[in-house]
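First comes the structure, then the notes that go with it.
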Amino acid sequence: MEQVKDNYNGALQKPLNSGFGAQSTTADVIKGIDLSGKTAIVTGGYAGIGLETVKTLVSAGAKVIVPARDYNKAAKNLEGVPNVTIKVMDLMDPASVDSFAVDFLKTAAPLHLLINNAGIMWVPLQHDAKGYESQLVTNHLGHFQLTALLWPALKKANGARVINVSSYGHQISPFDFDDPNFLRRDYETLTAYGQSKTANNLFTVELDHRGKDFGVRSYSLHPGSVNGTDLGRAASVELFQQMGMFDADGNIFPEVAARLKTVEQGAATSVWCATSPQLDNIGGVYCENADVADLDLGDIEHKYDEPLTLRGVKPYSVDAESAQKLWVLSEEMTGVKFAAN
Numbered sequence: 006m007e008q009v010k011d012n013y014n015g016a017l018q019k020p021l022n023s024g025f026g027a028q029s030t031t032a033d034v035i036k037g038i039d040l041s042g043k044t045a046i047v048t049g050g051y052a053g054i055g056l057e058t059v060k061t062l063v064s065a066g067a068k069v070i071v072p073a074r075d076y077n078k079a080a081k082n083l084e085g086v087p088n089v090t091i092k093v094m095d096l097m098d099p100a101s102v103d104s105f106a107v108d109f110l111k112t113a114a115p116l117h118l119l120i121n122n123a124g125i126m127w128v129p130l131q132h133d134a135k136g137y138e139s140q141l142v143t144n145h146l147g148h149f150q151l152t153a154l155l156w157p158a159l160k161k162a163n164g165a166r167v168i169n170v171s172s173y174g175h176q177i178s179p180f181d182f183d184d185p186n187f188l189r190r191d192y193e194t195l196t197a198y199g200q201s202k203t204a205n206n207l208f209t210v211e212l213d214h215r216g217k218d219f220g221v222r223s224y225s226l227h228p229g230s231v232n233g234t235d236l237g238r239a240a241s242v243e244l245f246q247q248m249g250m251f252d253a254d255g256n257i258f259p260e261v262a263a264r265l266k267t268v269e270q271g272a273a274t275s276v277w278c279a280t281s282p283q284l285d286n287i288g289g290v291y292c293e294n295a296d297v298a299d300l301d302l303g304d305i306e307h308k309y310d311e312p313l314t315l316r317g318v319k320p321y322s323v324d325a326e327s328a329q330k331l332w333v334l335s336e337e338m339t340g341v342k343f344a345a346n
């Protein structure tokens, strides 16, 4: 049997030459894939790339459960999509995550796909009841808790995948183990976002390390810069101007808009990670443009007004020691022990 390696320290971060690319859509990557009899959970699966992901999985035969903070919005956006069940869940509320997981486990159903897609970006400083910073809670800790609680159902699938929707934004910041909640350092929303996305990548590395012996593989990904999502709704115009994407009047530069992905292209990497047989013997990797990403050793030039240059994964974001350390910290912060056995 082939020796399965970890992606510790980016050991497996090399493109597979998948045949797909930045222009590939969900329809391209799902072609020929049959998900009949499979169950998927997609957090935030009622807007943006999450909604497109749900529609694509359903089109391939999957039954999909969508945990939603805003039930009414979810019901409206998912109207007419078959084989979808909406359940209330708020990643900022640990009790609601517990409740959702308990309800699912009561069904005794196996869980084949867990797509941790929901996220917030560039929001003002906010702490939850425990004093944890909101982008870290929503983007990482809530999903860590959900994944840990659903572990028995993932194991039962005898071949499950956990997808953590990350971002090129991880390049903004490593994880600050000394002050993850900005209790002592000045709050900078981009730094907090970057830290939370680095957490997604580190979680993926360690989850795959611990899960692969039980048939559970994990992947993180950058969807690309996508038009038509509401992820940046809390961001100021100044922030987009600072990044060279908006003009002085607060309008996106037409040449930048033309380079953004459609929602169908943005969701393609999530769907590819969740379903591609090309990934059957590899896990823990960070992906982009429906392929495994390169390790960014400082040799890739990045320009915010040219979205296709925003690629690669930073070594600190797939570092073995940091991945193990974050796992322990996440268990402490959530109070949930991950029984990966």
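With our numbering applied, the sequence shown has no gaps in its numbers, which climb one by one up to 346 at the end. Note that beta-carbon positions come from the ideal geometry of N, C-alpha and C, so glycine has one too.
Open item on the list: Could you check whether the segment 50-67 touches the segment 131-146, counting it as contact only if at least three pairs of C-beta atoms, one from each stretch, sit closer than 8 Å?
Closed with: They do not touch, by the three-pair rule.
Open item on the list: To test your reading of the DSSP string, which unbroken alpha helix (DSSP H) runs of 4 or more residues are found completely within the segment 76-120?
Closed with: 76-82, 99-111
Open item on the list: By the DSSP assignment, the alpha helix (DSSP H) with residue 35 in it spans what residues?
Closed with: 31-35
- [ ] Go through its chain and collect everything with a Cβ distance to residue 43's Cβ below 6 Å, but skip five positions before and after it.
- [x] 67, 117
- [ ] Tell whether a beta-carbon distance below 8 Å holds between residue 141 and residue 185.
- [x] yes
Task: Given 8 Å, three or more beta-carbon pairs between the segment 209-220 and the segment 281-290 - done: yes
Task: residue 110 versus residue 158 - alpha carbon distance - done: 7 Å
Open item on the list: Suppose the cutoff is 6 Å on Cβ atoms and the five residues either side in sequence are ignored; what does the same chain contact list for residue 72 look like?
Closed with: 48, 92, 94, 105
Task: Among 276, 309, 180, 217, nearest to residue 164 - alpha-carbon criterion - done: 217
Task: Start-end ranges of the alpha helix (DSSP H) lying completely within the segment 175-202, minimum 4 residues - done: none
Task: Closest residue to residue 275 among 55, 28, 36 (Cα-Cα distance) - done: 55
Task: Three-pair Cβ contact test at 8 Å for the segment 194-206 versus the segment 177-184 - done: yes
Task: Exposure label - residue 121; buried when at least 16 CB within 10 Å - done: buried
Task: For residue 215, three-class secondary structure by DSSP - done: helix
- [ ] Would you kindly report the start and end of the unbroken alpha helix (DSSP H) that includes residue 227?
- [x] Counting along the chain, residue 227 falls outside any alpha helix (DSSP H), though it belongs to the beta strand (DSSP E) covering 221-227.
Task: Whether residue 148 touches residue 96 by CB criterion (8 Å) - done: yes
Task: Inter-residue Cα distance where the pair is residue 13 and residue 85 - done: 43 Å
Open item on the list: Looking at the secondary structure, which residues open and close the alpha helix (DSSP H) in which residue 54 lies?
Closed with: 53-64
Open item on the list: Just to confirm the assignment, what range does the beta strand (DSSP E) spanning residue 268 have?
Closed with: Here residue 268 belongs to no beta strand (DSSP E); instead the alpha helix (DSSP H) covers 268-271.
- [ ] Please report the Cβ distance between residue 130 and residue 187, rounded to the nearest whole angstrom; I am assuming they are in contact, meaning their Cβ atoms lie under 8 Å.
- [x] 6 Å
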